[in-house]
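To keep things clear, I will list the structure first and then write my remarks on it.
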Amino acid sequence: SSTGIGSLDSTYRANADAGFSIVTYTGNNTNPTTVAHGLNAKPAMIWVKDREQVKDWVVYHKELGATKFMYLNTDSDVSTVAYAWNDTEPDSNVWTMQDFSNMNSNAIDYVAYCWSEVDGYSKFGSYPGNGSAAGPFIYCGFTPRWLMLKQAHSGYNGSWVIYDTARTPTNSGENWLYANSTASEAAAATYAATVTSNGFKMRSTSAENNGSGRNYIFAAFAESPLKYANAR
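In our numbering, the protein residues as written are 268 to 499.
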């Protein structure tokens, strides 16, 4: 059923407590267009995918803002354009987009995955790299169970690097996967990230996730709220 919110009807399944919704809609090729996401909070990250054509996944991240976007399925640089998010920040009801074919072609079906930040459960942010094995510590307020990092510095490409404590229970943080690649899991000390009781710390000298003077974005989800987490 349609939501009646936004200029383009959408259908969604949403869990506001977990800060997650799955939205489907049919594009109208109109500029601008607004779509309801169902979170009752401002999204911190949105992924949009064309369901009928071979198109890239478009990513909004709160640290990039609505003037920029990235592609989830490539290692491409951050793009500064208006045609993705209409230079308009999403609000607690809708996000805004233009007639960008990856997101809003007429009569084409799309799916969007939307997250809002939930204290003690999810964190979306950024950090500056220092190029050192004694890298920056990033506070999340919980022990991350799953972590994804992406270089988001203008002029530099970089993969979406995924770590989790299920595949690396000893907490070395070296068994990485790429969201944008079919490459198998690999271990490399130069890519290491260490999970702590309240965040994560970079142990890398690689430009992939800790290049000196470069900016990175991340998404992290908790193993459990901080008050239940064991110190590491």
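Backbone N, C-alpha and C define an ideal beta-carbon position, used for all residues, glycine too.
Note that the coordinates shown come from a computational prediction; the quantities given were computed from them, not determined experimentally.
Checklist entry - What are the start and end residues of each continuous beta strand (DSSP E) run of 3 or more residues lying completely inside the region 439-475, in chain order? => result For the region 439-475, whole beta strand (DSSP E) runs of length 3 or above, ordered along the chain, are 442-445, 460-462, 466-469.
Checklist entry - Between which two residues does the beta strand (DSSP E) containing residue 369 stretch? => result Position 102 of the sequence shown, counted from the start, is the residue given in the question as residue 369. In the DSSP assignment, residue 369 falls outside any beta strand (DSSP E) and lies within the alpha helix (DSSP H) extending over 368-371.
Item to check | Residue closest to residue 440, alpha-carbon to alpha-carbon, out of 339, 400, 331 | outcome: By 1-based counting over the sequence shown, the position of residue 440 is 173. Checked all of 339, 400, 331; the closest Cα to residue 440 is 400.
Checklist entry - Exposed or buried, what is residue 404 when buried is set at 16 or more other beta-carbons lying within 10 Å of its beta-carbon? => result Position 137 of the sequence shown, counted from the first residue, corresponds to residue 404. Exposed is the call here.
Next on the checklist: Can you find the residues in the same chain that come closer than 6 Å, C-beta to C-beta, to residue 301, ignoring five residues on each side of it along the sequence?
Outcome noted: In the sequence shown, counting from the first residue as 1, residue 301 sits at position 34. In its chain, beyond the 5 residues on either side, 273, 274, 361, 363 have a beta carbon closer than 6 Å to the beta carbon of residue 301.
Checklist entry - By a C-beta neighbour count over all protein chains shown, 10 Å radius and 16 as the cutoff for buried, is residue 406 buried or exposed? => result As a position in the sequence shown, residue 406 is number 139, starting the count at 1. Residue 406 comes out exposed.
Item to check | Sufficient close CB pairs (3 or more, under 8 Å) joining the region 283-297 to the region 375-386 | outcome: The region 283-297 vs the region 375-386: in contact.
Checklist entry - Rounded to a whole number of angstroms, what is the C-alpha to C-alpha distance between residue 541 and residue 381? => result The chain is shown only over 268 to 499; residue 541 falls outside these bounds and no answer can be derived.
Checklist entry - Which runs of the alpha helix (DSSP H), 4 residues or longer, sit entirely within the region 307-385? => result Segments of the alpha helix (DSSP H) lying fully in the region 307-385: 368-371.
Next on the checklist: Any heavy atom of the ligand FAD inside 8 Å of the beta-carbon of residue 304?
Outcome noted: This structure lacks the ligand FAD; in fact it carries no ligand of any kind.
Checklist entry - What number of angstroms, rounded off, separates the C-alpha of residue 335 from the C-alpha of residue 327? => result Taking the first residue of the sequence shown as position 1, residue 335 is located at position 68. Taking the first residue of the sequence shown as position 1, residue 327 is located at position 60. When rounded, the distance between both Cα atoms is 7 Å.
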